[in-house]
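Student: I'd like to ask you about the structure that follows.
Numbering (my numbering), first residue to last: -12 to 162.
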């Protein structure tokens, strides 16, 4: 008998739920609007500079100007920085001069990791470019310890988006 009462109660509850659900119908409608999201690009131009090879340097020598052109071929404004890497004793005394400003020795730059100036090393999107003039100077006081010394290395230009950066702290990602 308990079983019949329980089954009867379940049937009544189910019927009430179906009836109640049918009486509370609402008119509805929906529309879709297409959304497309596209990321911008950071693309440096291919031909930054010609390879550089200087030999037979003597104290107080200054190289001929080496022109580097950094082109922004992407769709986002970018910041760029210069990174030197390499090895050789000459890095300890060979100075890097960019646009007339002594940036220190190659070794100092390698140790620091890069050369970057937030105010000047920004290029707007749309095929804008910056041309830098780099010279290398072997100071007059370079002693005999550096005779027949070398430095062999690379200059790397790294770029990151300028948009959404915090002033004073630029995020270079995984470069």
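Heads up, the beta-carbon is just placed ideally off N, CA and C, and yes, glycines get one too.
Please go through the same chain and pick out, in chain order, the residues whose beta-carbon is closer than 7 Å to the beta-carbon of residue 103, but skip the five residues on each side of it.
Tutor: Excluding sequence neighbours, residue 103 sits near 68.
Student: Under 8 Å, with one C-beta from each stretch per pair, do the stretch 57 to 65 and the stretch 75 to 91 reach the 3-pair mark?
Tutor: Contact fails: fewer than three Cβ-Cβ distances are below 8 Å.
Student: Taking the Cβ atom as the reference point for each residue, do residue 35 and residue 55 lie within a distance shorter than 7 Å?
Tutor: For residue 35 and residue 55, yes; Cβs fall inside 7 Å.
Student: The alpha helix (DSSP H) that contains residue 98, what's its start and end?
Tutor: From DSSP, the alpha helix (DSSP H) with residue 98 extends over 93 to 99.
Student: Whose CA, out of 157, 146 and 142, lies closest to the CA of residue 38?
Tutor: Residue 38 has its Cα closest to that of 142, out of 157, 146 and 142.
Student: Under 7 Å Cβ to Cβ from residue 112, same chain only, skipping five residues before and after it: list those, please.
Tutor: Cβ within range, chain order: 59, 61, 62, 63 and 64.
Student: Whole alpha helix (DSSP H) runs in the stretch 65 to 133 with 4 or more residues, listed along the chain?
Tutor: Here the runs fully enclosed are 93 to 99.
Student: Distance, Cα to Cα, residue 101 vs residue 18?
Tutor: Between residue 101 and residue 18, the C-alpha separation is close to 53 Å.
Student: Along the beta strand (DSSP E) that carries residue 142, what are the first and last residues, could you check?
Tutor: Taken as a continuous stretch (DSSP letters only), the beta strand (DSSP E) holding residue 142 covers 139 to 148.
Student: Going by DSSP, what residue range makes up the beta strand (DSSP E) through residue 159?
Tutor: Note, residue 159: premise wrong, no beta strand (DSSP E); not H, not E.
Student: Looking at the structure shown, is residue 0 part of a helix, part of a strand, or coil, going by DSSP?
Tutor: It is helical.
Student: When you compare the CB positions of residue 138 and residue 97, do they come within less than 7 Å of one another, or not?
Tutor: No, these two residues do not count as a Cβ contact at 7 Å.
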